[in-house]
Amino acid sequence: MSTDGANTSGEVTFVNRFTVHASPEEFERVFAEVSEFMTRQDGFLRNTLLQHVDEPHSFINIAHWRDAASFRKALAHPAFKPHAMTLRGLSASEPNLYAPRRSFSAGPAGDEAGRDLP
Numbered sequence: 363m364s365t366d367g368a369n370t371s372g373e374v375t376f377v378n379r380f381t382v383h384a385s386p387e388e389f390e391r392v393f394a395e396v397s398e399f400m401t402r403q404d405g406f407l408r409n410t411l412l413q414h415v416d417e418p419h420s421f422i423n424i425a426h427w428r429d430a431a432s433f434r435k436a437l438a439h440p441a442f443k444p445h446a447m448t449l450r451g452l453s454a455s456e457p458n459l460y461a462p463r464r465s466f467s468a469g470p471a472g473d474e475a476g477r478d479l480p
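Using our numbering, you'd call the opening residue of the sequence shown number 363 and step up by one each time.
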C-alpha cells in the first residue's frame, strides 16, 4: 500500500477486494466482528461491505479513516492480528489505501463537473 505522491494527512479511503473461499455467510459474520473492532479505533469514520451482484464470493470493503496514520495505527494494534488471520483463513484480499483527488456530485446542468480535493 503505497501513498507516494498523495496527500495522506486528511481523510483516506481503504479499499479491500475479497475473494471468498468459504461460505459468503460465514465471511460476512467474521467481517462484522472485524468491523466491530475497527469502529472502536481512533480515526475510524465508517465502512461499507459490498457484495458483487453476480459473483456471491466477491466482496469489497470501503472504509473511510480520518488519516493514514490512524488507519496504520489500527492495523498495528495487537488485537487486530487475530481478526486479520481469521479473514485470511476465509478469503484472499487485495488491500489498498487511497487519498481523495477529485469529487463529483449530481447537480443542475452547468454546475462544475468536478473539483480538486486537498
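Just so it is clear, CB atoms sit at the ideal spot from N, CA and C, and this is done for glycine as well.
Asked                                                                                                                                                                    : Found
Helix, strand or coil, according to DSSP, for P440 in the structure here?                                                                                                : coil
Could you pull the start and end residues of the beta strand (DSSP E) that F380 belongs to?                                                                              : V374 to V382
In angstroms with no decimal places, state the Cα-to-Cα distance between T448 and F389.                                                                                  : 9 angstroms
Taking the Cβ atom as the reference point for each residue, do S420 and H426 lie within a distance shorter than 8 angstroms?                                             : no
Determine the burial state of L452: buried for a count of at least 16 other Cβ atoms within 10 Å of its Cβ, exposed for fewer.                                           : buried
Please give the ranges of any alpha helix (DSSP H) in the segment 383 to 450, keeping only runs that are unbroken, at least 4 residues long and fully inside the region. : 386 to 401 and 430 to 438
Rounded to whole angstroms, how far is the Cβ of S432 from the Cβ of D404, which I believe are closer than 8 angstroms?                                                  : 6 angstroms
Output yes or no for whether 8 angstroms exceeds the beta carbon distance between I424 and L412.                                                                         : yes
Can you determine whether any heavy atom of the ligand MG sits closer than 7 angstroms to the C-beta of S397, and answer yes or no?                                      : Questions concerning the ligand MG fall outside what the structure shown contains, since it holds no ligand whatsoever.
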